[in-house]
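Quick notes on the structure that follows.
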Amino acid sequence: MPTSICKACARLMKEKTDFPRGNFDSDYCADCVDNKGNLKPREIIRVNMIRYRVNNTGISQEEAAEIVDNLMRSLPAWNPPKVKTT
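In our numbering, the protein residues as written are -17 to 68.
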């Protein structure tokens, strides 16, 4: 089974249920896409990432938000390649 990292939330995807509809070619995890396979809005993913960290690590909402914001700045889904103009 392939292992991948979600390009929207950095979740490790290693189980079939981690991938949307079992699609091992997806760049995004099952939590980051809607029922049609489209990437959910950034703010919805951000809120879910913050909630996960607060609930599972015991850090404050403010600390979690700072961690998530820093992480999201480095993820491909939120930083498309810059197009050179001539």
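Even for Gly, the Cβ is constructed at its ideal location relative to N, Cα and C.
Residues that DSSP places opposite residue i in a beta bridge
{"i": "residue -5", "result": "-14"}
{"i": "residue 21", "result": "15"}
Reduced DSSP secondary structure (H/G/I, E/B, other) of residue i
{"i": "residue 65", "result": "coil"}
{"i": "residue 51", "result": "helix"}
{"i": "residue 30", "result": "helix"}
{"i": "residue 0", "result": "helix"}
{"i": "residue 38", "result": "helix"}
Sequence-distant residues of its chain with Cβ nearer than 6 Å to residue i (five each side left out)
{"i": "residue 59", "result": "-11 and -10"}
{"i": "residue -14", "result": "-5"}
{"i": "residue -7", "result": "11"}
{"i": "residue 8", "result": "1 and 2"}
From the options, residue whose alpha carbon lies closest to that of residue i
{"i": "residue 27", "options": "19, 39, 9 and 54", "result": "54"}
{"i": "residue -3", "options": "-16, 50 and 8", "result": "-16"}
{"i": "residue 50", "options": "33, 22, 21 and 14", "result": "33"}
{"i": "residue 52", "options": "17, 62 and 31", "result": "31"}
{"i": "residue 25", "options": "65, 64 and 14", "result": "14"}
Cutoff 8 Å; reference residue i; Cβ partners in own chain excluding five residues on either side
{"i": "residue 36", "result": "42, 43 and 46"}
{"i": "residue -1", "result": "12"}
Please confirm if the segment 0 to 10 is in contact with the segment 34 to 49, defined as three or more CB-CB distances below 8 Å between the two stretches.
-> no
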